[in-house]
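> Right, I'll just put the structure down here and ask away after.
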Amino acid sequence: MYRPQVESDALNSFIQNKMYEAITKEDLRVVGYPNFENMNYDAGKSISFDAVVEIFPEVKIKDMSGLSFEKDSVEFDEAELDKMKKNYLGSKAEMTEVEDKSAELKDGQFAVMNFEGERANGDKPENMKGEEFVLEIGSGQFIPGFEEQMVGMKAGDKKTLEVTFPENYQAEDLQNEEVKFHVELLEIKEKNYPEFTDELAKEFGFESVADFEEKNKANIIDQKDRAAKQKLNQEILEKLVSENEFDVPAALVAQQEEHLKEDVKRTLAQQGFNEEMTKDYFDKWKDDLREKAIFQVKSGLILDSFAKEHNIEANQDDYEKKLEEVAKTSGLGVDQIKGFYDQDDKMKNNLMFAIREEKTFEKMYDLVNIK
Numbered sequence: 060m061y062r063p064q065v066e067s068d069a070l071n072s073f074i075q076n077k078m079y080e081a082i083t084k085e086d087l088r089v090v091g092y093p094n095f096e097n098m099n100y101d102a103g104k105s106i107s108f109d110a111v112v113e114i115f116p117e118v119k120i121k122d123m124s125g126l127s128f129e130k131d132s133v134e135f136d137e138a139e140l141d142k143m144k145k146n147y148l149g150s151k152a153e154m155t156e157v158e159d160k161s162a163e164l165k166d167g168q169f170a171v172m173n174f175e176g177e178r179a180n181g182d183k184p185e186n187m188k189g190e191e192f193v194l195e196i197g198s199g200q201f202i203p204g205f206e207e208q209m210v211g212m213k214a215g216d217k218k219t220l221e222v223t224f225p226e227n228y229q230a231e232d233l234q235n236e237e238v239k240f241h242v243e244l245l246e247i248k249e250k251n252y253p254e255f256t257d258e259l260a261k262e263f264g265f266e267s268v269a270d271f272e273e274k275n276k277a278n279i280i281d282q283k284d285r286a287a288k289q290k291l292n293q294e295i296l297e298k299l300v301s302e303n304e305f306d307v308p309a310a311l312v313a314q315q316e317e318h319l320k321e322d323v324k325r326t327l328a329q330q331g332f333n334e335e336m337t338k339d340y341f342d343k344w345k346d347d348l349r350e351k352a353i354f355q356v357k358s359g360l361i362l363d364s365f366a367k368e369h370n371i372e373a374n375q376d377d378y379e380k381k382l383e384e385v386a387k388t389s390g391l392g393v394d395q396i397k398g399f400y401d402q403d404d405k406m407k408n409n410l411m412f413a414i415r416e417e418k419t420f421e422k423m424y425d426l427v428n429i430k
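Per our numbering, the sequence shown starts with residue 60, numbered consecutively.
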């Protein structure tokens with residue numbers, strides 16, 4: 060009674076072994092699993108079949124020496140440090156009313172207001188109304204354009220604001236719709252912050268005000284430099300993808316498309332999208348999602364090919380150095396950070412991959428012209 064199962068297992072094992080031998084002999088980099096066609100099996104005598112596989116393309120990158128790019132300059136503004144101090148002092152600040160009734164509302168202040176929305180058809184939905192609502196101007200909490208149009212209002216002023224809801228707004232019936240908001244500014248409030256002293260700096264985990272400023276200035280500059288590099292890297296990849304044409308395996312594109320969908324689903328869920336809204340979103344943006352997946356697959360293959368051509372790898376020294384960088388920005392000890400990564404193979408592999416990619420771009424910087 061077990062013979063058919065035993066025979067099936069033996070047959071599958073034989074096919075897998077033969078496939079492995081053929082792939083190894085031809086030195087193929089196979090994508091996904093093979094499709095078997097024209098299977099002929101004569102029990103106990105012979106078997107023949109065709110195995111169709113997708114392989115990674117051989118990517119030959121054209122000479123890059125003639126390519127030019129511009130990296131955004133990194134500048135530091137003391138106002139950024141002041142803003143960071145206010146963030147730390149937020150819990151210690153006091154909200155007070157601006158007593159000068161002639162004062163105009165500005166960014167960073169708080170508007171206490173009544174508002175009522177009016178749709179294009181004249182409807183005034185209850186969920187577009189608010190009384191004594193407190194809104195921080197410049198926070199981006201409301202529909203784009205709303206807060207900007209309130210700047211300059213005085214306590215007691217009434218104004219009609221005209222805004223357009225974003226095309227990706229979660230309520231589909233409001234997407235791209237122009238709506239009027241009738242606003243009455245009741246009062247203007249602002250936060251008064253205590254002086255940022257050495258004592259408070261120590262309370263926040265720093266040795267002094269000077270230590271706070273030095274470390275946070277370095278972090279701000281580092282973040283800006285990373286953002287500038289990310290933008291530059293994207294521009295380099297876009298140019299290399301357009302300059303180097305090659306076919307990409309459908310299996311890799313499908314796999315990357317699924318990863319993107321999962322990421323988008325999580326984001327939409329956080330924004331309150333239900334199953335039907337999510338389906339409509341993917342129906343609308345499926346072509347864009349596929350194009351993004353193709354671009355990411357091509358980018359990955361180009362980076363991998365370039366790294367191999369220039370013998371770029373992430374080694375243990377790179378790993379140790381990166382751990383020190385992570386520890387510095389996180390405020391944790393190197394041993395603590397190392398413990399996190401060493402006990403999680405996936406985290407460590409992802410970090411090593413990121414290091415290799417970073418080194419790959421650094422080599423590219425040497426070959427192209429960067430202003």
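Virtual Cβ for every residue (Gly too), placed ideally from N, Cα, C.
How many angstroms separate the CA atom of E246 from the CA atom of V171?
Along the sequence shown, read from residue 1 onward, the residue named residue 246 stands at position 187. Along the sequence shown, read from residue 1 onward, the residue named residue 171 stands at position 112. Cα-Cα distance, rounded: 5 angstroms.
> Looking only at its chain, what residues have a beta carbon closer than 7 angstroms to the beta carbon of K121, apart from the 5 residues adjacent to it on each side?
Position 62 of the sequence shown, counted from the first residue, corresponds to residue 121. Contacts found: E302 and N303.
> DSSP three-state label for N292, please.
On the sequence shown, residue 292 is found 233 positions in, with the first residue counted as 1. Residue state, collapsed to three classes: helix.
> Is the beta carbon of F169 less than 9 angstroms from the beta carbon of M154?
Looking up residue 169 in the sequence shown gives position 110. Looking up residue 154 in the sequence shown gives position 95. Against a cut-off of 9 angstroms, the Cβ pair of M154 and F169 comes out as a contact.
> Is the Cβ-Cβ distance between F128 and N370 less than 9 angstroms?
For the purposes of this step, residue 128 is taken as residue 69 along the sequence shown, with counting starting at 1. For the purposes of this step, residue 370 is taken as residue 311 along the sequence shown, with counting starting at 1. No. Outside cutoff.
> By DSSP, does A260 sit in helix, in strand, or in coil?
Position 201 of the sequence shown, counted from the first residue, corresponds to residue 260. Reduced to three states, the DSSP call for A260 is helix.
> Just grab the DSSP bridge partners of I429 for me.
Here residue 429 corresponds to residue number 370 of the sequence shown, with the count starting at 1. Note: I429 sits in a beta bridge opposite F128.
> Going by the CB atoms, is the gap between F224 and E236 shorter than 9 angstroms?
Here residue 236 refers to the residue found at position 177 of the sequence shown. Here residue 224 refers to the residue found at position 165 of the sequence shown. The answer is yes: Cβ separation under 9 angstroms.
> List the residues that DSSP assigns as beta-bridge partners of F192.
Locating residue 192 in the sequence shown gives position 133, where the first residue counts as 1. Per DSSP, M172.
> If we ignore side chains and look at the alpha-carbon of each, how far apart do Q229 and E368 end up?
Reading the sequence shown from its first residue, position 170 is the one you call residue 229. Reading the sequence shown from its first residue, position 309 is the one you call residue 368. Rounded to the nearest angstrom, the two C-alpha atoms are 46 angstroms apart.
> Between the C-alpha atoms of L382 and K407, what's the straight-line distance to the nearest angstrom?
Against the sequence shown, residue 382 aligns to sequence position 323. Against the sequence shown, residue 407 aligns to sequence position 348. Roughly 10 angstroms between the two C-alpha positions.
> From the DSSP output, in three-state form, read off N251 for me.
The residue labelled residue 251 in the question sits at position 192 within the sequence shown. Strand.
> With a CB to CB cut of under 8 angstroms and the five nearest residues on each side skipped, what residues in its chain are close to N275?
The residue labelled residue 275 in the question sits at position 216 within the sequence shown. Here the set comprises L140 and M143.
> According to DSSP, is M60 part of a helix, a strand, or is it coil?
What you label residue 60 is simply residue 1 of the sequence shown in a count that begins at 1. Low confidence applies here, because M60 scores a pLDDT of 46, under 50, leaving its location unreliable and the question unanswered by this model.
> In whole angstroms, what separates the C-alpha of L348 from that of S161?
In the sequence shown, the residue the question calls residue 348 occupies position 289. In the sequence shown, the residue the question calls residue 161 occupies position 102. Answer to the nearest angstrom: the Cα atoms are 51 angstroms apart.
> Buried or exposed: S267, going by 16 or more other Cβ atoms within 10 Å of its Cβ?
Sequence index remark: in the sequence shown, residue 267 carries index 208 (1-based). S267 is exposed by the Cβ-count criterion.
> Whole angstroms are fine: how far does the CA of G398 sit from the CA of G392?
For the purposes of this step, residue 392 is taken as residue 333 along the sequence shown, with counting starting at 1. For the purposes of this step, residue 398 is taken as residue 339 along the sequence shown, with counting starting at 1. Approximately 10 angstroms, taken between the alpha carbons.
> Determine the DSSP secondary structure at M212, reduced to helix, strand or coil.
Taking the sequence shown and counting its residues from 1, one reaches residue 212 at position 153. DSSP places M212 in coil when its eight states are reduced to three.
> Out of L259, Q282, K145 and G176, state which residue places its alpha-carbon closest to the alpha-carbon of E384.
To locate residue 384, count along the sequence shown from 1; it is residue 325. It is Q282.
> Relative to the alpha-carbon of T419, which residue among D363, Y378 and I396 has its alpha-carbon at the smallest distance?
Here residue 419 refers to the residue found at position 360 of the sequence shown. Answer by Cα proximity: D363.
> Which of helix, strand or coil does DSSP assign to H318?
One-based indexing of the sequence shown puts residue 318 at position 259. Looking at H318 - three-state DSSP - the assignment turns out to be helix.
> Please classify M154: does DSSP put it in a helix, a strand, or coil?
In the sequence shown, residue 154 corresponds to position 95, counting from 1. If DSSP states are grouped into helix, strand and coil, M154 belongs with the strands.
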